[in-house]
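J.: Position one of the sequence shown corresponds to residue 28 (our numbering), numbered consecutively onward.
The structure that follows is given in the form of structure tokens.
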Amino acid sequence: MKAIVVKEELPGRPLVWEDVPDPVCGPDDVLVDVHATALNRADLMQRAGGYPVPPGASQILGLEMAGTIAGWGSRVLGWQKGNRVRALLTGGGYAEQVVLPARMLIAMPDDRDFIWGAALPEAVLTAYLNLFMEAGLQDGETVLIHGGASGVGTYGIQMARLAGCRVLVTAGSEAKLAACRELGAELAVNYKEEDFVERIRSHLGGAEVDVVMDMVGGPYLERNMELLRTYGRLVIISTLGGAEAPIHLGHLMRPRLRLIGSVLRPRSVDEKVAIMKSFKRRFLGNLLDGSLKPIIDSVYPVERAEDAQAHMAANRNIGKVMLQVRG
């Protein structure tokens, strides 16, 4: 099969679409012909050496995909060749085929395309896991979502609004702010032009937020804590701005804040299946009726993965950047 291979010895354009060994099914695995996959910030971090691949996972980039079943292991039951599926991956999405545990498969609705299916698994489950399972976001609470126009952010806005929450976001351009407001954010702050702490305090009349979901990391740690009410929860899902920060422990202890670090990729299959089931119970109906939907920024042929990653690295995307593997 063909897959995207990272060849850093090729300056400027090291992502190459070339032949690699075919994946092999274990007894509990399925083989899927990939039709579409999606970019995530983790892909850029892995490529740069800042996001280690979990033991046993594919070194090929790509954490989510949609496609059709091509084969399965000896202990797999209930699937047929050609069934349309989507799935969360630990790696391997930037390829013509991928092998994964059968338990991770989700059937695709007949009326949705593979771009829709591939735009969901990693980003929507990351947002759901961290807002609702880790931070325990409740109806009527106020949440601040950094990176509101990202794939994770756009899902987070929609789900928080569906859950009856007030949603505040940060983003870095007027187009991104407008997109966040259209999705339901009541306040969208341009972090490049305004102090988000002051702007949010002013907007809330001095009140504080219940939950912050942050992907910036170190530079925002103390500022996020300043905005949290007593018993507030800060969940850190990435460290795009840096992984280190000084912290005054009193600022954490006195208001009894919860500081949560969370990553989806290295979790066990059992954990991921539990997350998927929890999401399905709460939001599958919204996915099917369109009140929760992927925001698709752009679609590139997989051979242009380098261009797609450059687009994301330049922070130009609003929502998901997709790769078409098969027509």
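Beta carbons: idealized from backbone N, C-alpha and C, even for Gly.
Since the model is a prediction, treat every value here as computed from it, not as a measurement.
Which whole-angstrom value is the C-beta distance of residue 333 and residue 88, which I expect to be below 8 angstroms?
T.: Rounded, the Cβ-Cβ distance is 11 angstroms, inconsistent with contact.
J.: Could you give the residue range of the alpha helix (DSSP H) that holds residue 149?
T.: First-last of the alpha helix (DSSP H) with residue 149: 148-155.
J.: Measuring CA to CA, which of 120, 70, 79 and 110 is closest to residue 352?
T.: 120
J.: To the nearest angstrom, how far is it from the Cα of residue 338 to the Cα of residue 344?
T.: Taking the straight line from one Cα to the other gives about 7 angstroms.
J.: Would the beta-carbon of residue 166 fall within 8 angstroms of that of residue 190?
T.: yes
J.: Using the Cα positions of residue 122 and residue 298, report the straight-line distance between them to the nearest angstrom.
T.: 25 angstroms
J.: What do you reckon, are the CB atoms on residue 213 and residue 193 nearer than 8 angstroms?
T.: yes
J.: Please report the residue range of the beta strand (DSSP E) in which residue 30 lies.
T.: 29-33
J.: Ordered along the chain, which non-local residues of its own chain (more than five positions away) have a Cβ less than 7 angstroms from that of residue 52?
T.: 58, 98, 99, 100 and 126
J.: Indicate whether residue 152 and residue 170 have their beta-carbon atoms separated by less than 8 angstroms.
T.: no
J.: Tell whether a beta-carbon distance below 8 angstroms holds between residue 280 and residue 124.
T.: Taking C-beta atoms as the reference points, residue 280 and residue 124 fail to come closer than 8 angstroms.
J.: Measuring alpha carbon to alpha carbon, tell me which residue in 35, 244 and 64 is nearest residue 142.
T.: 64
J.: So what's residue 325 in DSSP terms, helix, strand or just coil?
T.: strand
J.: Given a cut-off of 8 angstroms, decide if residue 68 and residue 265 are closer than it, judged by their beta-carbon atoms.
T.: yes
J.: May I have the straight-line CA-CA distance separating residue 30 from residue 55, to the nearest angstrom?
T.: 23 angstroms
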